[in-house]
Amino acid sequence: MTRAALHEEARVETYTLLYFTSSWTNGTDNMTLPRLRAVLGEVNALYRKHRLIELLQVVRTEDRGRVSDANVHWLDGSTFRLRCRMYKVTELPACVMLDAQGQVLTEENMRALELHEDGSVSTSRIETESLWEVLKELLKHHEASAAAWSSLRPLWQFSGFVLCHAPPPLLEADDATLVEMREKALELFESGEFLPAATGFVNALVRCPTCTKSSFNLAVILQTIGETYFAVRSMLRVVALDDSDFVAHAVLRSVYYLEEPDLVVSGYRQILSAHSKSHVRTAHTLATMQGATTTSTAAPAYVAKVFDELADSFEDKLVARLEYRVPWQLVEALQKLSPAGFTLKDSTAKPTWVVADVGCGTGLCGRLLRPHVKHITGVDISPLMIEKTRARGSYDELYTVDIAPFLESCADGSLDLIISADVWIYVGALERVFESAARTLRAFTGWMAFSIELLYPDATDSIEDTATGFRLAPSGRFQHSHSYIASLASRFAFTISLQEDVSVRKESGEPIPGRIYLLQRVAT
C-alpha cells in the first residue's frame with residue numbers, strides 16, 4: 001500500500017497523524033493516546049469547515065482486539081516493519097504526520113498549519129501556541145521510544161483538558177519501586193512470557209528513561225521474539241547512556257549488526273555526533289564495523305579507558321580465564337635463542353640489557369625479565385595500569401604515554417630490547433613503531449620481541465586488507481599478516497630470527513591464533 005493509499009484509507013480530509021504502536025507499548029499507549037486525541041480535538045476546534053488532522057493508529061495484526069477505535073490500520077508483522085522503515089520509525093510508539101498527498105511533514109512544516117488557523121474558537125494565543133508546540137514536539141521525537149515521551153510532559157497541559165491518565169512520577173534507577181518493576185518483568189521473561197515482559201520493561205522506562213538495565217533487557221526480549229529491527233534502538237540507548245557497557249557494544253557489533261547493519265551504524269553515528277569526546281568505545285566500535293584498514297590505530301583515549309576499566313582484574317581475566325601466555329612465550333623464546341648480552345637465569349654474568357616494555361599493562365613482562373636484564377622502562381597509556389605496575393616494583397622507570405611518542409623520545413642506539421606482549425592488537429599500522437625501533441635499538445645487538453593476532457589470507461578479505469597487511473577485526477582487535485611483518489622487517493633492517501605460532505588467548509572457549517616474533521636489528 002502506498003503512502004497516499006494509507007492516507008485515503010483513513011478518510012482524512014487534510015492531514016493524518018499516524019500513530020505506530022505494538023503490544024509491548026500498551027502501557028504507554030494508555031497514557032499517550034488520550035492526550036493525542038485531546039490535543040487534536042482542540043486543534044480541530046479552531047477550524048470552521050473541516051477537521052484539520054485525523055488520528056490513525058497503525059498496529060500489528062497480532063495485536064488485533066486490543067484497540068477498538070475505528071481509525072486503526074492493521075498490518076502483519078513484516079508489513080508493519082516495512083512501513084516503519086519507510087517512515088524511519090525505529091522505536092514505538094511513534095508519530096508521523098502526512099499531508100493530503102501522503103507526504104511526510106516535519107517539525108518545520110508545522111508553521112504552515114499554524115497559519116491556517118481561522119480563529120473560530122475563542123482561544124488565547126498562549127493556549128493555541130501550546131497546542132502547536134505539542135504537535136511539533138511529537139514530530140521532533142517521532143523516533144523516540146516510550147521513555148522519551150516523558151519529554152513531552154510539560155506540553156500536555158492546556159485549558160479545558162482534564163488528564164484521565166496522569167503521568168506517573170519519575171524514579172531513579174535504584175529506586176525500590178523501579179527495581180521491583182524490573183524484577184517482575186524479568187520473571188515474566190524467564191517464564192517465557194516475552195510480550196508481557198517487554199511491556200514491563202517499557203513501563204519501567206516510562207518511570208526512568210535513563211534506566212540502562214531496562215533498555216538492555218527490552219532489547220534482548222525484542223530480539224528474542226524476532227524484532228531485531230526494534231531491538232537495535234533500545235540497545236543503542238544503553239551505549240548512549242553508558243559508553244563503558246562493553247556487553248551492549250558486543251551485542252550491537254556481533255549480533256544486531258549482522259541483521260540491521262545500516263540501522264546500527266547510523267545509530268552509532270548519531271551517538272557520536274552528540275558525544276564525540278566522551279564516547280571513545282563507541283567510536284572504536286563504529287570503526288570495527290565500518291572499516292578494516294581505514295583505521296590505522298585504536299584511539300589512545302579508547303585504549304586508556306579500556307585498560308583503566310580492566311586494571312583491577314586484568315591478570316585474573318587474561319591469565320586465569322583466557323589462558324593468556326604471551327609474556328611467558330616471549331621470554332621463553334628469548335631464553336631459547338639466548339642472544340648476546342641476554343643473561344640467562346643461572347648465569348653468573350651481570351645483566352647489561354636496557355629494555356623498554358611498551359604497553360606494559362600490569363607488568364607481567366617486567367617481572368619475567370627482571371632477572372635477565374639491567375634496566376626496564378615500562379610504558380602504558382593507562383594511568384591505572386601504571387599504578388598497578390608501580391606497586392609491584394619490577395620496573396626502574398614507568399611512564400604514562402603512548403608508544404610512538406615514547407620511542408621517538410629515546411636516544412639513538414639506547415635500547416637492547418623493545419618488547420610488546422599482545423599490544424599490536426590495538427595498533428594497525430606499525431610503520432611508525434618500526435621506524436623508531438630501528439633508530440633506538442643498538443645495531444646487531446638490538447632486538448624486538450612481540451606478538452600479533454594473525455591475519456590469514458581469506459577469500460572474504462578485501463583488496464585493502466590484503467594490500468595493507470592488517471585489519472580491524474569484528475572483535476575490535478587488529479590482526480596482522482606475516483607478509484606485513486616480513487615486509488616491515490626488511491624495510492627497516494631487521495632479520496626475523498624466530499617466529500612461532502601460538503594461541504594468544506581464548507575467546508568463547510576457542511583459541512585465538514597468533515604468532516610471536518624475535519627480530520634482530522642489523523646494520524643499515
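Going by the UniProt record's numbering, the sequence shown opens with residue 1, and the numbers climb by one from there.
Even for Gly, the Cβ is constructed at its ideal location relative to N, Cα and C.
- Per DSSP, reduced to three states, the secondary structure at Glu500 is strand.
- Here Phe194 has Ile221, Thr224 and Ile225 as same chain residues with Cβ atoms under 7 Å from its own Cβ, once five neighbours each way along the sequence are excluded.
- The residues Thr288, in chain order, have a CB closer than 6 Å to that of Gly476 in the same chain once the five nearest residues on each side in sequence are set aside.
- A Cβ-Cβ separation of about 7 Å places Phe444 in contact with Arg521 under the 8 Å criterion.
- Put simply, the backbone Cα of Ala100 is about 24 Å away from that of Pro34.
- Taking a contact as a CB-CB distance under 8 Å, the pair Val96 and Leu18 counts as one, their CB atoms being some 4 Å apart.
- Using a Cβ-Cβ distance cut-off of 8 Å, the stretch 384–394 and the stretch 422–436 are not in contact, since fewer than three pairs of beta carbons, one from each stretch, lie closer than that value.
- Gly41 sits in a helix when the DSSP states are folded into three classes.
- Here DSSP, grouped into helix, strand and coil, assigns Pro327 to helix.
- Annotation for Arg269: Leu286 place their beta carbon closer than 8 Å to its own, counting only its chain and skipping 5 residues before and after.
- If you draw a 10 Å sphere on the C-beta of Arg491, you find fewer than 16 other C-beta atoms in it, and that means exposed.
- Looking at the backbone, the Cα of Ser338 and that of Tyr399 are separated by about 28 Å.
- Taking C-beta separations shorter than 8 Å and ignoring five residues to either side along the sequence, the partners of Asp242 in its chain run Thr212 and Ala248, following chain order.
- Assignment of His482 by DSSP, reduced to helix, strand and coil, places it in the helix class.
- Counting only the Cα atoms, Leu344 lies some 27 Å from Ile386.
- Residue burial annotation: Ala197 is buried, with at least 16 other C-beta atoms found within 10 angstroms of its C-beta.
- Distance check between Gly41 and each of Ile53, Asp346 and Thr16 places Ile53 closest, using alpha-carbon atoms only.
- Around the CB of Met235, 16 or more other CB atoms lie within 10 Å, so the residue is classed as buried.
- Residue range Glu510 to Arg521 is occupied by the beta strand (DSSP E) that includes Gly514, with no alpha helix (DSSP H) assigned at that position.
- In the structure shown, Trp74 adopts extended strand secondary structure according to DSSP, grouped into three states.
- With fewer than 16 other beta carbons inside 10 angstroms of its own, Leu82 counts as exposed.
- A direct Cα-to-Cα measurement between Asp262 and Val232 gives close to 11 Å.
- Within the same chain, Leu222 come within 6 Å of Phe230 by CB-CB distance, once the 5 residues on both sides are set aside.
- With a threshold of 16 other beta carbon atoms within 10 Å, Glu453 meets it and is buried.
- For Trp447, the three-state secondary structure derived from DSSP is strand.
- Leaving aside the five residues that flank Cys208 on each side, the residues in its chain whose CB is nearer than 6 Å to its CB run, in chain order, Leu171, Ala173 and Leu178.
- Secondary structure in the stretch 253–296: the alpha helix (DSSP H) runs of 4 residues or longer, each lying completely within the stretch, are 261–274 and 280–290 in chain order.
- Nearest to Gln499 by C-alpha distance, out of Ala493, Asp357 and Leu519, is Leu519.
- A check of alpha carbon separations from Phe189 across Asn217, Ser503 and Gly267 identifies Asn217 as the nearest.
- In the three-state DSSP reduction, Lys506 falls in the strand class (E or B).
- Between Gly341 and Asp357 the beta-carbon gap is near 17 Å, outside 8 Å, which marks them as no contact.
- Assignment of Leu222 by DSSP, reduced to helix, strand and coil, places it in the helix class.
- Counting only residues of its own chain and dropping the five nearest sequence neighbours on each side, Val238 has a CB closer than 6 Å to the CB of Thr212, Ser215, Phe216, Asp245 and Ala248.
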